[in-house]
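Here is the structure we will look at.
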Amino acid sequence: MNKILQTKIEEILGLENFNFSTPPKPEMGDLSLSMFVIAKEQGKNPVEVASAFVENFKLQTSQTAVKNPNNKLISDVKAFGSYVNLFLNTSEVSKLILEDVNENFGNNNIGQGKKVLIEYPSQNTHKEFHIGHFRNVCVGNTIVQVYRASGYDMVPMNYVNDFGRHVVKCLWGILHSSEFGVESSEIENAENKQKMLGEIYVKASNYLKEYDKEYNEELDDIQKRLEGGEEEITKLFLETRKWSTDGFAELMKEMKVEHDSIIYESEVKATGQKLVDELLEKKIAEVGEGGAIIADLSKYNLDIALIRKSTGGGVYMTSDLALSSEKFKRYDVEESINITGSEQDFYFKQLFKVLELNGFHKKMTHIGYGLINTPNGGKMSSRSGGVILYEDLRDQIFDYLEKETRNRHSDSSSTADSAVSADKWSEEKINSTVQILTMAVLKFTMQKHEADKVVKFDFEEAVSFEGFSAPYILYTVARINSLKRKFGKENLELLEKDFDLFTEDEVKNLVLKMSDFPEVVEKALQNYNSSVIAKYCFDLAKMYNDFYNKHSVLKAENEELIKSRLYLSTKVAEVLTKALGLLTIDIVDEM
RNA sequence: GCGCCUGUAGUUCAACGGAUAGAACAUUGGUCUUCGGAACCAAUGACGUGGGUUCGAUUCCUGCCAGGCGUACCA
């Protein structure tokens, strides 16, 4: 709930830090106070406490009504069982909330003066970018925005893994591509080389799985030559790595990820190896089965962590050990947040434990988001294929939206009865609008569920735009913009409003919903959960549509009412725009 | 086997230990001489299972059943 509203009500009721909630049905009131805690403290029956509360309030207000003009805000107080429900005056509550809606609405200063690094999506080169990675980006993007809205200084960073068996397999795949049906000319001429690499990786992995042992030596050989810096293979590595990183850079821009920096695994690998030696000396690590270096964490119930291969090669933890301290050294932050799939939860517990044993006590947070399961099979794995590529999904949604948009904004006579289709759009306008809509659909789809939940991905549902979806919300904003255009832009700044004209329940619902926004932001912040914002946008849009459907804005009875309703509408659009912005979703003026 | 997570409507998801368990999709039936129908309204329909803690449990603890992920040389 909005702090201004809460303060005001507490002032009237003579309460402090009370927890307000919303009654289950509108006819039961606008806000409710539960009496369970008070009743327990006083050792009384909560139902009796509630009715006593109401009686006492009514007695007081009748005596002080003249002196206390604030009482206009609360029009009635009723007891419902163990609850005391407040009925608010629509005009008063509208004035209170709407005048508080500005560009800073919803912001807080929880993170004032704090600098936090956030690492995401940390994808691998030489692999494809699938919708799991995209979910990672969505989670990260929103955390950055929500943290910034809360006053934090954020440093988004990307850690790109350009080293390891996946690279070796991919390079092997390029050298042997004809064996599994990819001609080298196809690779050279590929329009999207980053995507092509991903395809080769998947095909090579599958092929290698069948002939596992046959090629193991060859893979080891490639790895050795690569680590030894042999010219030919290094050239291939550098060239293909650039394909990946160039492609990723474009994707990041499109998804609105703005990394302050990128650290490559190859940069921190050597330092990581030194740290392993240090851990050995300190007896935190030891030589395990087959000569690998391990840390025995079984007394912390964390099993055994592998920190270096028996071949002397590094594993993920080898480099992560170095990366962890590197983050704090380079950016002078007080916390580091890392976003990965939740299948790595256990690994990060191990990593943090090893760091702690080594005397590293910086605050590190790992956020695991749930896997995306495809409807026909289980986990998506980049190695086994069966993944939904981000680019494929994006292109399909784009095509669908483009068709839809052309349909609405062509000059064809078949749609001439629609008021909007008379307006023929340029190719450029169609393209830019569809571009924004596509990203909106993608990002909203990824964020309508809680981040840590495993989600079943349904392609049909992702491409359907009814109900709980981005187009529904963007459409609401577009309609409000349309009202503004029709009214005439020059008048908008000086919009007069008369809060006394706000009497309808639909207005009150809207305004009270708007007042929830700051709380929603805080909730998203606390739980790293963007779905509460997505849901909030939908609820607010739905309430506006309800209002819009019942009460005409531009055809209202008189000029004052038109202006007041238009003012209300613009405020709704402002809050929606701001909330969508936290999800890094842009709005469109028309669609 | 052990660790972590998850079982809510036909489906996909919600619900600080509190009121009549909410949405969306699907299905069925309505609204409209449309301030943009990518809209609005309504009906149908659910807490995996057995205990326990509590004034009160979908929520906390626990047994069982079912699923997912992880469990030293993949990341």
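Residues in the first sequence are numbered from -13 upward in steps of one, following this note's numbering.
Ideal placement from N, C-alpha and C gives every residue a C-beta, glycine not left out.
Query: Supposed contact pair Gly97 and Tyr138 - C-beta distance, whole angstroms, cut 8 Å; Result: 3 Å
Query: Contacting residues, own chain, Cβ-Cβ under 7 Å from Ile208 (five flanking each side not counted); Result: Val154, Leu157, Trp158 and Ile219
Query: Beta-bridge partners of Ala281, as assigned by DSSP; Result: Ala291
Query: Thr431, DSSP secondary structure in three states; Result: helix
Query: Where Ser584 falls, given that 16 or more other Cβ within 10 Å makes a residue buried; Result: An answer regarding residue 584 cannot be provided, because it is not within the stretch -13 to 577 covered by the chain.
Query: Sub-9 Å separation of Gly126 and Lys564 beta-carbons; Result: no
Query: Reference Ser517; option with closest CA among Glu216, Glu436, Ala448 and Arg551; Result: Glu436
Query: Identity of the residues DSSP links to His116 by a beta bridge; Result: Leu375
Query: Sufficient close CB pairs (3 or more, under 8 Å) joining the region 379 to 393 to the region 411 to 424; Result: yes
Query: Beta-carbon proximity check, Gly118 vs Asn178, cutoff 9 Å; Result: no
Query: Alpha-carbon spacing of Thr128 relative to Ile571, whole angstroms; Result: 10 Å
Query: Residues bridged to Gly327 (per DSSP); Result: Tyr355
Query: Lys30 in three-state terms, based on DSSP; Result: coil
Query: Spatial neighbours of Asn5 in its chain, beta-carbon cut-off 7 Å, leaving aside the 5 residues before and after; Result: none
Query: With 16 other Cβ atoms within 10 Å as the buried cut-off, status of Val440; Result: exposed
Query: Classification of Ala510 by the beta-carbon crowding that lies within 10 angstroms, buried from 16 upward; Result: buried
Query: When His112, Lys434, Asn147 and Glu236 are compared against Lys189, the one with the closest alpha-carbon; Result: His112
Query: Closest residue to Ser108 among Leu309, Ser48, Ala176 and Glu78 (Cα-Cα distance); Result: Leu309
Query: Continuous beta strand (DSSP E) stretch holding Phe66: start and end; Result: Ile60 to Phe66
Query: Proximal residues to Lys365 (C-beta, below 6 Å), its chain only, five neighbours per side dropped; Result: Because Lys365 carries a pLDDT of 47, less than 50, the predicted location of this residue cannot be relied on, and no value is offered for it.
Query: Same chain, Cβ closer than 8 Å to Val87, five either side skipped, listed in chain order; Result: Met500, Lys557, Glu560 and Val561
Query: Reduced DSSP category for Ile248 - H, G, I as helix; E, B as strand; rest coil; Result: strand
Query: Local Cβ density within 10 Å of Asp403, reported as buried at 16 or more and exposed below that; Result: The predicted model places Asp403 with a pLDDT of 43, which falls under 50 and marks its position as unreliable, so this point remains unresolved.
Query: Lys242 versus Tyr376: straight-line alpha-carbon distance, rounded; Result: 15 Å
Query: Enclosing alpha helix (DSSP H) for Met21 [first to last residue]; Result: Taken as a continuous stretch (DSSP letters only), Met21 belongs to no alpha helix (DSSP H), as it is neither H nor E.
Query: Collapsed DSSP secondary structure at Asp207 in the structure displayed; Result: helix
Query: Close Cβ partners of Phe473 (< 8 Å) along its chain, the five nearest in sequence each way excluded; Result: Leu540, Ile548 and Leu552
Query: Separation of Gln330 from Ile323, as counted between CA atoms; Result: 14 Å
Query: 7 Å Cβ shell around Ala291 - same chain, five flanking residues per side excluded; Result: Ile280, Ala281, Leu283, Met303, Gln336 and Val340
Query: Residue nearest to Val63 in terms of C-alpha spacing, selected from Leu17, Asp575 and Val132; Result: Leu17
Query: For Tyr69, three-class secondary structure by DSSP; Result: strand
Query: Proximal residues to Gly15 (C-beta, below 7 Å), its chain only, five neighbours per side dropped; Result: Pro9, Lys64, Asn71, Leu72 and Phe73
Query: Proximity of Lys579 and Ala271 at Cβ, strictly below 9 Å; Result: Examination of residue 579 is not possible in this model, given that the chain is present from -13 through 577 alone.
Query: Supposed close pair Lys521, Asp318 - CB separation, criterion 8 Å; Result: No, Lys521 and Asp318 are not in contact; Cβ-Cβ is about 36 Å, not under 8 Å.
Query: Boundaries (first-last residue) of the beta strand (DSSP E) holding Pro142; Result: Asp139 to Val146
Query: Residue from Glu253, Val254 and Asp148 whose Cα sits closest to the Cα of Phe223; Result: Asp148
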